[in-house]
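In the working numbering, the protein residues as written are 8 to 544. Notes for the one structure printed next.
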Amino acid sequence: MIIARRVSALLLLLTIALLGCEGGGGGGGGGGGTASELDLHNAAIDQFNTGNYAVALNQFRNQINTYPDGIKADNAQLYIGRCHLELGNYSTALAEFDNLLVLYPDTTVLLDDRIYWIGRTYLETEQYNLAINNFQQVVTNYPDSNSADNAQYYIGKTHHDQGNFNQARTAYQAVITNYPTGVWADNAQYKIGESYFDEGNFSQALVELNIVLSTYGTSNSADIAQFKIGQVYHDRPSPNYPQARIEYNKVKANYPDSTWVDNAQYEIGETYYDEENYAQAIIEFNVVLDNYPDSSDADLAQYRIGRSYHEQTPPDYNQARTAYRKVTTNYPTSTWADNAQLQFGLTYYDQDNFTSALTELQKVLSDYAGTNSVDAAQYFIGRSYHRQFNFVQARTEYNKVISDHATSTWVDNAQYQIGRTYYDQANYAQALIEFQAVLSNYPGASASDEAQYYIGRTYHQQLSYATARTEYNRVINSYPDSTWKDNAQFRIAETYRDQGNVSAELVELQKVIDNYPDSPFAIDAQIRIDEINSGSP
């Protein structure tokens, strides 16, 4: 998800860079018109091309007001629509594009551009069918216009954005076939490769991305294709981290001026992080900070440094806290700041310093309200009280997870922990109610097998041995991937021991050894078997 967010944002930069090559607006400041009109028009276009859309909008309006019948008035009107599009004023943009025909009914050279930019506006508002209809009009009615290849490319992109990968590839291929010398051909080839990547067809993605390098090696898409090749090796189901690093390093070596070199360096660090080689990951993430301090990945690199110290064996909690604090201090608007504050609190939790953990986790709630970290912080506030044996306050905090964050992935865990607070207080009747609530309210949740196990434990504690065995067996039979199966099997043997049924106990202990040979419970089972065989009580 991280990678997808970052690539999507950075690919937008590539698209913006190519916009200067697109048709539309008559190319700006062509022949004809008075010198004063052209000066106003060109000045406005300069502002537009540098991203000063609000300024450009005022200047284009001033041009039309000053020279309403000027030769560039219709061009200025088109740009007024484009300014509103860039500013996110989509309804106004559509109205201004319509005004082009109302105010300048005799214009002819801008008709294709107008339809194209209407399509782009519909694309921004995710009105995909309308977008495709307008792009197709340009391709069909104005096949020789400057906007035709743009429109064909955006037919592909519109399908791509909807996940219609086959249709997207057909449209992208039409760009390459019909406009081989156009400015979008290399990008269309890249997008074909990206569509296979997005589909999870990594082998074909490699084929298509390598075509970018072999056919369009000097184009604006070569560096991103090389970066994406690294991602293919990095993200496929069986990652090849060494090969991914080779490909990321090619971005740095072959495209030193690319806007992707900092991302490639970051991803090199990620490969080591994913391999759990935290020492090397820290080195590589620090290269991002040292060599590319303004990188869009700098905040994430700083966060990953903290995570690396936090996850290494043994953890270096002090270094982790130092790194996390730099995220919140140096990148206060980062989307990772709330995560950093959460992890800062969890370093104390992991050290059993629950007082400090509570202080830091409360800061997530107060300083980062509304972020994705609030529910986890609330849950671990409950855990901190729980670990301090303040069961009543723990339940209060767990209930806040359930009531205030109903769609959180932590709600089933919170419900389970409520049951554990009652179990830890030996209030077994209420514990059963709460554990059953996990199964009834959150079927299939991650805490279900553990809740089922503790239902068995609760009956066991109440000396209801037969019922306990039934519940333990449900862990084994209903949750085949559960990590609690060996524990449940051992407890079944214990119920027979507690009843003095040695022969049945031996049978169940042997099942632990046979079915879970690598479990620590297998060792305990063998010790118990040896005790029985030696005549020990």
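Think of the CB as a built atom: it goes at the ideal place given N, C-alpha and C, for glycine as much as any other residue.
Within the same chain, and ignoring the five residues on either side of E318 in sequence, the residues whose Cβ sits closer than 8 Å to its Cβ are E283 and Y285. The Cβ-Cβ distance between Q506 and I520 does not fall below 8 Å. Membership of H241 in the alpha helix (DSSP H) is indicated by the continuous run A229 to D242.
The straight-line gap separating the alpha-carbon atoms of K407 and Y503 is approximately 40 Å.
For A438, the closest C-alpha among the options A444, A42 and Y429 is that of Y429. Between A175 and the set H166, I440 and I183, the nearest pair of CA atoms involves H166. In this structure, the alpha-carbon of G313 lies about 7 Å from that of R328.
Counting along the chain, the unbroken alpha helix (DSSP H) around G88 starts and ends at A80 to E93.
For N208, there is no enclosing alpha helix (DSSP H), as DSSP marks it with neither H nor E. Along the stretch 463-536, the alpha helix (DSSP H) occurs as fully enclosed runs of 4 or more residues at 472-485, 492-505 and 509-522, listed in sequence order.
Distance from the CA of T465 to the CA of P249, rounded to the nearest whole angstrom, comes to 49 Å. Around D119, the same chain offers V145, Y149, S152 and S154 as residues with beta carbons nearer than 6 Å, after the five sequence neighbours per side are excluded.
The stretch 92-152 contains, as complete alpha helix (DSSP H) runs of 4+ residues, the segments 97-110, 118-131 and 135-148 (chain order). Secondary structure at A433: coil, using DSSP grouped into helix, strand and coil. The three-state reading of DSSP puts G189 in coil, since its state is none of H, G, I, E or B.
The stretch 492-501 makes contact with the stretch 522-529, as at least three CB pairs between them are under 8 Å.
Secondary structure at A452: coil, using DSSP grouped into helix, strand and coil. With respect to the 8 Å criterion, Y86 and A51 are classified as neighbours on the basis of their beta carbons. F351 is classed as buried because its beta carbon has at least 16 other beta carbons within 10 Å across all chains shown.
For I125, same chain residues with a beta-carbon under 6 Å away, outside a window of 5 residues either side, are F104 and N141 in chain order. By the neighbour-count definition (other C-beta atoms within 10 Å, threshold 16), L470 is an exposed residue. Residue environment for E538: exposed (fewer than 16 other C-beta atoms within 10 angstroms of its C-beta). DSSP places H167 in the uninterrupted alpha helix (DSSP H) bounded by A155 to D168. The beta carbons of L94 and T128 sit no closer together than 8 Å.
Taking C-beta separations shorter than 7 Å and ignoring five residues to either side along the sequence, the partners of N69 in its chain run L47, following chain order. Shown here, P322 sits in coil according to DSSP, grouped into three states, outside any helix or strand. Proximity of the stretch 378-396 to the stretch 416-434 meets the contact definition, three or more beta-carbon pairs being nearer than 8 Å. Setting aside the 5 residues that flank it on each side, T378 is surrounded in the same chain by D345, each with a C-beta closer than 7 Å to its C-beta; the list follows chain order. In the structure shown, E283 adopts coil according to DSSP, grouped into three states. Non-local beta-carbon contacts of T366 in its own chain, meaning distances under 7 Å to residues more than five positions away in sequence, are absent. P112 and Q196 have their C-alpha atoms some 38 Å from each other. In the structure shown, A376 falls within a coil segment according to DSSP collapsed to helix, strand and coil.
Collapsing the DSSP output to three states places N171 in coil.
Q348 is the residue among Q348, D359 and D357 whose C-alpha sits nearest the C-alpha of L368. Taking the Cα positions, Y472 is about 13 Å away from E512. Taking 8 Å as the upper bound for CB-CB distance, Q272 and N298 are in contact here, some 7 Å apart.
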